[in-house]
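One structure is given here, and the rest of the page talks about it.
Numbering (my numbering), first residue to last: 3 to 168.
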């Protein structure tokens, strides 16, 4: 339902990317509920971190479409944040990484986990170099390369769990 209704939120919400973040991230508490029969604070922190990451990368995409979106009158985070769009993107990346660090503390994660987060922070820093001038092609490149942000977070989780099992 949430994913299907996302396109319509651009008519009503100032930051529809936050709605998209909830749509993408709601599988986290659902998974906890299905497996553990409860939704602990850990799940909600993960949901918020995921939503912040989504706002960051989808705002990069919205920066590409901003001129067209202004013409047709839809709302996006890039329009809402205005001249603070780059700062908002970077704040969302930073907050997502900090929350994932808190999650790591809650699960007693090891060094590999935090190295994954450090790599994600480095990638977010690279995104800053791409989006700071607001060149459409560079903002789109940053958006497209978000798979690397997710990949290094996943790699940190995977290696951390693999080392624990060894």
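For glycine and all other residues, C-beta sits at the position ideal for the given N, C-alpha and C.
Asked                                                                                                                            : Found
Collapsed DSSP secondary structure at residue 78 in the structure displayed                                                      : coil
Residue 48 versus residue 73: straight-line alpha-carbon distance, rounded                                                       : 36 Å
Reduced DSSP secondary structure (H/G/I, E/B, other) of residue 109                                                              : coil
Pick from 36, 116 and 153 that is closest to residue 101, judged by C-alpha positions                                            : 116
Given residue 27 as reference, the closest of 34, 145 and 53 once Cα atoms are compared                                          : 53
Beta-carbon contacts of residue 17 that lie in its chain and below 6 Å, excluding the five residues immediately before and after : 79 and 82
Terminal residues of the alpha helix (DSSP H) in which residue 16 lies                                                           : Taken as a continuous stretch (DSSP letters only), residue 16 belongs to no alpha helix (DSSP H), as it is neither H nor E.
Residue from 29, 144, 145 and 150 with nearest C-alpha to residue 120                                                            : 150
Backbone secondary structure at residue 39 - three-state DSSP                                                                    : coil
Residue environment, residue 6, which counts as buried when at least 16 other CB atoms sit within 10 Å                           : exposed
Pick from 133, 95, 147 and 109 that is closest to residue 85, judged by C-alpha positions                                        : 133
Residue 118 and residue 159 closer than 8 Å at C-beta                                                                            : yes
CB of residue 114 within 8 Å of CB of residue 161, strictly                                                                      : yes
Proximity of residue 92 and residue 59 at Cβ, strictly below 8 Å                                                                 : no
Neighbour-count burial assignment, residue 166, 16 or more Cβ in a 10 Å radius                                                   : exposed
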